[in-house]
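**Q**
Structural data, given as structure tokens:
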């Protein structure tokens with residue numbers, strides 16, 4: 051066995067057969083430099099980086115039989131290159147292992163961590179037959195991979211800031227996997243699927259996690275911030291008796307997800323910037339399966355209404371719809387559709403007129419209303435449904451819940467981050483006086499920006515276009531109000547574009563916001579002032595490059611003004627507190 055209390059310099063080939071302890075510290079040294087360079091460094095015994103002073107490691111690839119990190123200095127041990135560990139990696143309590151930049155480390159046995167693992171920008175690959183992550187420390191991986199022949203048992207929680215790759219088997223029965231950071235992540239691999247006990251997303255700045263392999267949740271899905279992106283092949287599946295949080299306007303599932311079992315369940319769905327859940331009542335069998343997805347766009351046909359059952363529908367939404375399919379089983383359930391912004395969803399009256407509409411293959415039919423609740427945010431629940439998909443919001447009478455249907459299409463397109471083209475097409479016009487084009491910064495309060503004459507009465511499709519030459523920084527919501535000669539009106543769907551400052555991009559989200567407002571500054575540090583709608587200064591602080599979160603829970607409801615100053619230039623934004 052060998053113990054080194056100071057520097058170590060390998061200029062040749064080093065092969066160790068016993069245990070090696072690097073333990074610099076007083077009175078021998080106040081810091082240590084350890085070079086593993088040479089032609090190669092390998093050990094068939096245990097290597098330990100200990101001591102209580104800073105250690106600077108240099109050198110190329112190294113091979114260890116068993117590696118122990120026990121150094122207690124706050125800077126930790128940083129790997130200078132890719133390492134191969136043929137047995138266990140042990141991190142002692144109070145110790146920090148920084149895996150280094152753009153390195154790849156392979157661990158053939160167990161990771162026993164009672165300290166801190168910082169993945170930095172490296173990949174850690176588990177290559178043994180049956181291995182585990184143990185201990186009570188923090189496991190912060192950048193990229194982590196399970197090799198094809200490996201069964202990795204997670205007996206402690208792990209955090210992933212980039213990618214999780216599973217080619218073998220992953221046992222998470224005693225742990226939670228949490229995705230964090232401001233960058234995009236991917237869950238992938240060549241395994242058939244990944245089974246997880248608990249999966250969390252806590253990403254910031256709008257970062258998302260893409261599923262490139264099916265993920266099955268047996269415990270709980272926790273949506274804190276950041277979205278999961280799925281597709282028809284790579285589903286997010288919630289097993290029988292497993293649960294999921296409801297999501298939020300900054301965290302939802304974009305794409306299809308599946309629920310198995312006989313549980314009442316709300317799918318935390320969304321699309322683009324819209325959070326829009328769908329709920330089902332409890333199926334009758336533990337093996338029943340339902341798959342749901344939200345689409346922030348109109349269905350291909352929003353004009354054809356079925357003549358039965360009665361009462362028949364007057365109109366349906368042309369801006370959003372949900373799919374909910376019973377893929378296994380025969381249970382009949384009630385379907386609940388949620389809205390988070392009644393203006394965005396076109397709900398002006400939560401009354402008996404508002405129903406769930408179901409597409410029967412050729413037309414929209416009335417699926418009924420067993421419960422309608424809420425106001426600005428709310429939901430409507432159908433009667434028991436025996437046939438499925440797609441679904442949207444429906445209205446029984448003209449004059450309530452406009453659920454825009456007067457337009458074949460309405461589109462908003464941003465040009466070079468400067469102007470916005472607004473195009474719309476009508477199927478026919480009867481007694482149409484004019485159109486009012488309206489813009490909003492929060493999707494709630496709209497202001498007129500232009501008027502366009504209508505065609506009076508026309509039986510053919512007509513197209514219109516205007517240009518908004520002065521969009522505001524941030525999200526611009528647009529809608530069209532159509533006015534008849536007799537004064538009656540109807541609305542188009544709502545479209546939006548996001549205008550950014552190409553030099554100093556600022557993102558403010560969510561908008562509207564409830565408790566927390568995030569301000570993302572992709573520039574130098576700046577100053578922020580927040581004013582109420584009465585001009586009262588509510589907040590003044592310095593913000594740094596990155597994401598700053600403001601606690602607005604005590605702000606009054608309404609529109610507030612945010613002034614951000616960078617290099618002496620002011621940018622003005624508005625957000626709505628709900």
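Numbering (the working numbering), first residue to last: 51 to 628.
Every residue gets a Cβ at the ideal spot worked out from N, C-alpha and C, and that includes glycine.
All figures in this text were calculated on a predicted structure; none of them were measured in a lab.
1) Note down, in chain order, each residue of its chain lying with its Cβ closer than 7 Å to the Cβ of residue 53, except the 5 sequence neighbours on either side.
2) Within 10 angstroms of the Cβ of residue 441, are there 16 or more other Cβ atoms? Answer buried if so, exposed if not.
3) Which residues in the same chain have their Cβ closer than 6 Å to the Cβ of residue 544, if we skip the five residues on either side of it in sequence?
4) Only counting the same chain, and skipping five residues up and downstream in sequence, which positions put a Cβ closer than 7 Å to that of residue 300?
5) Please list, in chain order, all residues of the same chain as residue 135 whose beta carbon is under 6 Å from its beta carbon, the five residues on each side excluded.
6) Where are the alpha helix (DSSP H) runs, 4 residues long or more, that stay fully inside the stretch 183-245, in chain order?
7) Classify residue 321: buried if its beta carbon has 16 or more other beta carbons within 10 angstroms, exposed otherwise.
8) Touch check for the stretch 346-363 and the stretch 329-338: three-plus C-beta pairs under 8 Å?
9) With residue 426 and residue 628 assumed to form a contact (beta carbons below 8 Å), what rounded beta-carbon distance in angstroms separates them?
10) I want to know whether the stretch 413-432 touches the stretch 505-517 - three or more CB-CB distances under 8 Å.
11) Once you ignore the five residues that flank residue 533 on each side, which residues in its own chain have a CB closer than 6 Å to its CB?
12) Measure the beta-carbon distance from residue 190 to residue 167 and round it to whole angstroms, keeping in mind my assumption that it falls under 8 Å.
13) Can you list, in chain order, the residues of its chain whose CB lies under 7 Å from that of residue 178, leaving out five sequence neighbours each side?
14) According to DSSP, residue 258 sits in a beta bridge with which residue or residues?
15) Start and end of the beta strand (DSSP E) containing residue 567?
16) From residue 572 to residue 596, what does the alpha carbon distance come to, in whole angstroms?
17) Where does residue 139 fall in DSSP's three states?
18) Would you decide whether residue 332 is buried or exposed? Buried here means 16 or more other CB atoms lie within 10 Å of its CB.
19) Residues in the same chain with beta-carbon distance under 6 Å from residue 521, minus the five sequence neighbours each way, listed in chain order, please.
20) Check the C-beta distance from residue 286 over to residue 278 and give it rounded, since I have them as a contact under 8 Å.
21) With DSSP as the reference, label residue 72 as helix, strand or coil.
22) By the 10 Å Cβ neighbour count, where 16 or more other Cβ atoms means buried, how is residue 186 classified, buried or exposed?
23) If you draw a straight line from the alpha carbon of residue 140 to that of residue 163, how long is it in whole angstroms?
24) For the putative contact between residue 84 and residue 57, defined by C-beta atoms under 8 Å, what is the C-beta separation to the nearest angstrom?
**A** Considering the structure as presented:
1) 71 and 73
2) buried
3) 394, 527 and 529
4) 275, 559 and 560
5) 114, 117 and 157
6) none
7) buried
8) no
9) 7 Å
10) With a cut-off of 8 Å, the stretch 505-517 and the stretch 413-432 do not count as touching, because too few Cβ pairs lie within range.
11) Excluding sequence neighbours, residue 533 sits near 483, 484 and 539.
12) 6 Å
13) 158, 159 and 200
14) 277
15) 566-572
16) 6 Å
17) strand
18) exposed
19) 470 and 549
20) The beta-carbon distance between residue 286 and residue 278, rounded to whole angstroms, is 6 Å. This is short enough to meet the 8 Å contact definition.
21) Residue 72: strand per DSSP, three-state reduction.
22) Within a 10 Å sphere around the beta-carbon of residue 186 sit fewer than 16 other beta-carbons, which makes this residue exposed.
23) 6 Å
24) 7 Å
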